[in-house]
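These protein sequence lines are chains A and B, in that order.
If you read the first sequence in my numbering, its first letter stands for residue 1, the second for the next number, and so on.
If you read the second sequence in my numbering, its first letter stands for residue 1001, the second for the next number, and so on.
Glycine is no exception: its CB is placed at the ideal position from the N, C-alpha and C atoms.
Being a predicted model, the structure only gives us computed values, none of them experimental.
Protein chains: 2
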Amino acid sequence: MKSISRKTIDRALLYIRALENLLKEKRDKISSLELADITGSSDVQIRKDISFFGKVGTPRIGYETKKLKDILENFILQNNVVHIALFGVGNLGKAILKYPGFQTDKIKLVAAFDKAKSKLLKEINGIKIYPVERSVELIKKVHAEIGIIAVPPRSSQEVADIMVKAGLKGIINFAPSCISVPKNTFVKNIDFSIEILSIFSHTQFQK
Amino acid sequence: MKSISRKTIDRALLYIRALENLLKEKRDKISSLELADITGSSDVQIRKDISFFGKVGTPRIGYETKKLKDILENFILQNNVVHIALFGVGNLGKAILKYPGFQTDKIKLVAAFDKAKSKLLKEINGIKIYPVERSVELIKKVHAEIGIIAVPPRSSQEVADIMVKAGLKGIINFAPSCISVPKNTFVKNIDFSIEILSIFSHTQFQK
DNA sequence: TATTAATCGTTACTAATTTCACGATTTGCT
DNA sequence: AGCAAATCGTGAAATTAGTAACGATTAATA
Chain A
1 MKSISRKTID RALLYIRALE NLLKEKRDKI SSLELADITG SSDVQIRKDI SFFGKVGTPR
61 IGYETKKLKD ILENFILQNN VVHIALFGVG NLGKAILKYP GFQTDKIKLV AAFDKAKSKL
121 LKEINGIKIY PVERSVELIK KVHAEIGIIA VPPRSSQEVA DIMVKAGLKG IINFAPSCIS
181 VPKNTFVKNI DFSIEILSIF SHTQFQK
Chain B
1001 MKSISRKTID RALLYIRALE NLLKEKRDKI SSLELADITG SSDVQIRKDI SFFGKVGTPR
1061 IGYETKKLKD ILENFILQNN VVHIALFGVG NLGKAILKYP GFQTDKIKLV AAFDKAKSKL
1121 LKEINGIKIY PVERSVELIK KVHAEIGIIA VPPRSSQEVA DIMVKAGLKG IINFAPSCIS
1181 VPKNTFVKNI DFSIEILSIF SHTQFQK
């Protein structure tokens, strides 16, 4: 059996979000073309992605919104709640702690760490901030799976090492620096500067 | 002549960042293999990317750090300073306003807008916050090229429309919602929840 | 100056991804 | 019931991206 591709997964997450919004609007049917319009993809791409999960739609009608959402979610997220550990409670870290998208049923921020004594034991949005020294112990205790690096670049490798040690299998790195980790640890780098320069370059080189 | 690919551009931006760091450490030579180690890419990939810009390296030695950085920057960024307009000064917007990476010579945050009366006329990090009503006028005046959406999802389309009207050619959308824009406007969506679920899924499906 | 070892640059190959084209299916209509 | 229209699902073609292999080049060394 063919395994699912990363790209299909990422697009499916986008589809899921769109389907949730459609459900809120009581739209119970959706065609690949409409979903393409909403998500900025193409109808063929969507049908191809969905075909991985079997025959889900009905010709002439399209897909049942709820059914499609359930199928995608069940396969991709498998009823998991993702537990997050955050390192760095500066401006960005605070924004993440307060991010409304994490109060959902799928993602739960369970631990936050910082070096600065002044920030410790405070609570933001119901999450206590602990000293970095206790991080490995606490991450294991709360069973976090994914870590977020929101510290200055000079400390990012140090934090990455801690995360690996604590058993985190995925890392989102907001620091503008490369980190090195074992091959079985997934890293997604989000460097605001690079994102902006990337978009800008694309506007320059578009045909 | 073949045109440069988006992927090459994005990787080149990563190379540039790495080269800048190497320069700070007074490293004046770098091989494709070392650069691959740092950036998490492969040496072949790097040589292939760089080959687009001509013969830059010298066999047996590698690349001159400064020369390579200059070549990449000159081609991709063309000595431009990218001017940014920010919409939404909530938690995330504030973090962006204070983001140290934007005080560089390449990126300049030039305008910030919010709906809330209470936030107007305040100044964060030297940038005044203006009412959304004045945004089209001001964006044109300061010649911003790229817009950042950091407003709640229900307002994101409205903001996107304003950005298009004001002539912005690239948009970074932090709102967890899809926006629709003309084809010649580039959009990069960064949805924290989706990024996390994506990483998590990849850890689940890794072979 | 010839030799050696390292590293670049490039062509050919392989893999992954997207797009195309079209048959199959289903519903609604007459 | 039969037909028409819409939409799915999919194998094949086309495109794009990445990898491997290796010749070409250069600097260091004996």
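Secondary structure at B:F1200: helix, using DSSP grouped into helix, strand and coil. Closest in C-alpha terms to A:I71, from the list A:G57, A:V82, A:P176, comes A:G57. For B:R1027, there are no C-beta contacts with chain A under 9 Å, since the nearest C-beta of that chain is about 15 Å from it. Cβ-Cβ distances below 7 Å link A:P153 to A175, P176, S177 in the same chain, with the five nearest sequence neighbours on each side left out; the list follows chain order. Interface annotation, B:A1116: not in contact with chain A, CB-CB separation never under 9 Å. In this structure, A:A95 lies away from A:V142, with their beta-carbon atoms at least 9 Å apart. Using a Cβ distance threshold of 9 Å, B:I1127 and B:L1138 do not count as a contacting pair. Between B:E1073 and the set B:F1192, B:F1200, B:A1012, B:G1090, the nearest pair of CA atoms involves B:A1012. Per the DSSP secondary-structure output, B:Y1130 pairs in a beta bridge with B:F1113.
Neighbours of A:Y99 across chain B, judged by C-beta separation under 7 Å: F1192. Remark: C-beta atoms of A:I30 and A:T8 do not approach each other more closely than 9 Å. Among the residues of chain B, those whose CB is under 7 Å from the CB of A:D10 are S1198, following chain order.
Taking 8 Å as the upper bound for CB-CB distance, A:F102 and A:I148 are not in contact here, some 10 Å apart. Here DSSP, grouped into helix, strand and coil, assigns A:I61 to coil. Ranked by Cα distance from A:Y15, the options A:G170, A:S41, A:M1, A:S155 are led by A:S41.
The beta-carbon of B:H1202 is placed less than 9 Å from the nearest beta-carbon of chain A. Neighbourhood of B:V1082 in chain A, by CB distance below 7 Å: I196, L197, F200, in chain order. Under the three-state reduction of DSSP, A:N74 is assigned to helix. At a cut-off of 9 Å between beta-carbon atoms, A:L77 makes contact with chain B. Taken in chain order, the members of the stretch 142-173 of chain A whose beta-carbon sits within less than 7 Å of a beta-carbon on chain B are E145, I146, K169, G170, I172. Contact between B:E1195 and A:I190 holds, with the beta-carbon distance rounding to 7 Å and staying under 8 Å. Taking all protein chains shown into account, B:G1170 has 16 or more neighbouring C-beta atoms within 10 Å of its C-beta and is therefore buried. With fewer than 16 other beta carbons inside 10 angstroms of its own, B:G1054 counts as exposed. Counting only the Cα atoms, A:Y130 lies some 23 Å from A:V187. What A:P176 touches in chain B, judged by beta-carbon distance under 8 Å, is R1017, G1101, going in chain order. DSSP places B:E1123 in the strand class (E or B) of the three-state scheme.
Pairing B:V1089 with A:V151, the inter-Cα distance amounts to about 21 Å. In this chain, the beta strand (DSSP E) harbouring A:K188 covers 186-189. In the structure shown, B:K1029 adopts extended strand secondary structure according to DSSP, grouped into three states.
Secondary structure in the stretch 76-105 of chain A: the alpha helix (DSSP H) runs of 4 residues or longer, each lying completely within the stretch, are 91-97 in chain order.
A:I4 sits in coil when the DSSP states are folded into three classes, being neither helix nor strand. For A:I162, the enclosing alpha helix (DSSP H) covers residues 156-166. Measuring C-alpha to C-alpha distances from B:S1201 to each of A:P182, A:V81, A:F200 identifies A:V81 as the nearest. Sixteen is the threshold: when 16 or more other Cβ atoms of the shown chains lie within 10 Å of the Cβ of A:L92, as they do, the residue is buried. Taking C-beta atoms under 8 Å as the contact rule, A:A18 and A:L35 qualify, at a distance of about 6 Å. Residues of the same chain with a CB within less than 6 Å of the CB of B:I1038, apart from the 5 flanking positions on each side, are A1018 in chain order.
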